[in-house]
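First to last, the protein sequences are chains A and B.
As numbered in my numbering, residues -13 to 106 make up the first sequence, in order.
As numbered in my numbering, residues -13 to 106 make up the second sequence, in order.
2 protein chains.
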Amino acid sequence: MTTARRAILKALENSEDHPDALMLHDRAKEFDPTIAQATVYRTMRLLEQEGLVEKHDFGNGRARYEEAEKEQHDHLINLSTGEIIEFHDTDLEALKIEIAKRLGFDLKDHRLELYGVPKE
Amino acid sequence: MTTARRAILKALENSEDHPDALMLHDRAKEFDPTIAQATVYRTMRLLEQEGLVEKHDFGNGRARYEEAEKEQHDHLINLSTGEIIEFHDTDLEALKIEIAKRLGFDLKDHRLELYGVPKE
DNA sequence: ATAAATATGCGAATGAGTTGCATATGCAGT
DNA sequence: ACTGCATATGCAACTCATTCGCATATTTAT
Ligand SMILES: [Mn+2]
Ligand SMILES: [Mn+2]
Ligand SMILES: [Zn+2]
Ligand SMILES: [Zn+2]
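Below, the structure written as structure tokens:
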């Protein structure tokens, strides 16, 4: 456990907005001003492999991250603002498993993003 | 309408496997042996903007394409083989719209991929 | 056929992410 | 606290998909 890794972990804990590696680098600098970009990338890869972090691609070119601990959820992206809203739906989870089964597969993973604009 | 574009369109029509730009380049060479990589990229971007083609990211580094004409569907990726299976589920479509509405949004787009391994 | 508009090929540029390597740091074991 | 080794870091160079500039070729409109 190094200074750099502690800094990144703290930056991630303080973030509620699914930050990308650049954002994490900036935020981690507050705790370790000398931290390098490459260290952020390396650490995020490690954390993802350890299952401590989830990596998402919301289609903006950069991967975005969040802690893996929270309860399972999917994302809705507000196309007007870029804001990411989390949601969980039990029926949806069940349906995904059911559809995979119907096709002859055991569901191992999935990726679901909804893109919408505010109603009205 | 140019020779290159016709070649790419034919390559795409002949493909049932959600090809990436490299695959399309290879396949288009059969109809236009001098076609350049850059032309494939430019043409796919154009076709996507025109709504004639759908671009997918199945997490393999390269974007993959398919004609947009066919009926709306989502994808299940066989993790054992990489094979892409298409499916359509009315309940799922309705549920996605319903969830967005519940969150206060009109659903404009979505991305759903299931990753699974063959049952048993 | 001619000219203006567009598309192409090529190679260079971009940008996120990775990696080699020399140095620095963390962590035993003393 | 001191030493030694394993591991992590910073930096710069690299990779790889995709984009872009530009001179030339192809299309399309006249
Ligand atoms: Mn989910
Ligand atoms: Mn769908
Ligand atoms: Zn989330
Ligand atoms: Zn498809």
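The beta-carbon is built from N, C-alpha and C at its ideal position, and this holds for glycine as well.
Taken in chain order, the members of the stretch 87 to 101 of chain B whose beta-carbon sits within less than 9 Å of a beta-carbon on chain A are 87, 88, 89, 90, 91, 92, 93, 94, 95, 96, 97, 98, 99, 100 and 101.
For residue 45 (chain B), a Cβ of chain A is located within less than 9 Å of the residue's own Cβ.
Relative to ligand 4, residue 85 (chain A) has its C-beta separated by 8 Å or more from all heavy atoms. Residue 99 (chain B) is not a Cβ neighbour of residue 65 (chain B), given a cutoff of 9 Å. One Cα belongs to residue 36 (chain B), the other to residue 103 (chain B), and the distance between them is close to 35 Å. For residue 100 (chain B), the three-state secondary structure derived from DSSP is strand. Under the Cβ criterion of 9 Å, residue 73 (chain A) is counted among the residues facing chain B. With a cutoff of 8 Å, residue 16 (chain A) does not count as near ligand 4, since its C-beta is closer than that to no heavy atom of the ligand. According to the DSSP assignment, residue -6 (chain A) belongs to the alpha helix (DSSP H) that extends over -11 to -1. Relative to residue 60 (chain A), the option among A:96, A:46, A:47 and A:27 whose CA is nearest is A:96.
For the pair residue -2 (chain B) and residue 53 (chain B), the CB atoms are nearer than the 9 Å cut-off. Listed by position along chain B, the residues whose Cβ is nearer than 9 Å to that of residue 0 (chain A) form an empty set, because the closest Cβ is around 25 Å away. Under the 9 Å criterion on CB atoms, residue 56 (chain A) is classed as non-interfacial with respect to chain B. Chain-ordered, the chain A residues with CB closer than 7 Å to the CB of residue 104 (chain B) read 90 and 91. The C-alpha of residue 58 (chain A) is placed about 18 Å away from the C-alpha of residue 78 (chain B). Under the three-state reduction of DSSP, residue 65 (chain B) is assigned to coil, being neither helix nor strand. In the three-state scheme derived from DSSP, where H, G and I count as helix and E and B as strand, residue 42 (chain A) is classed as strand.
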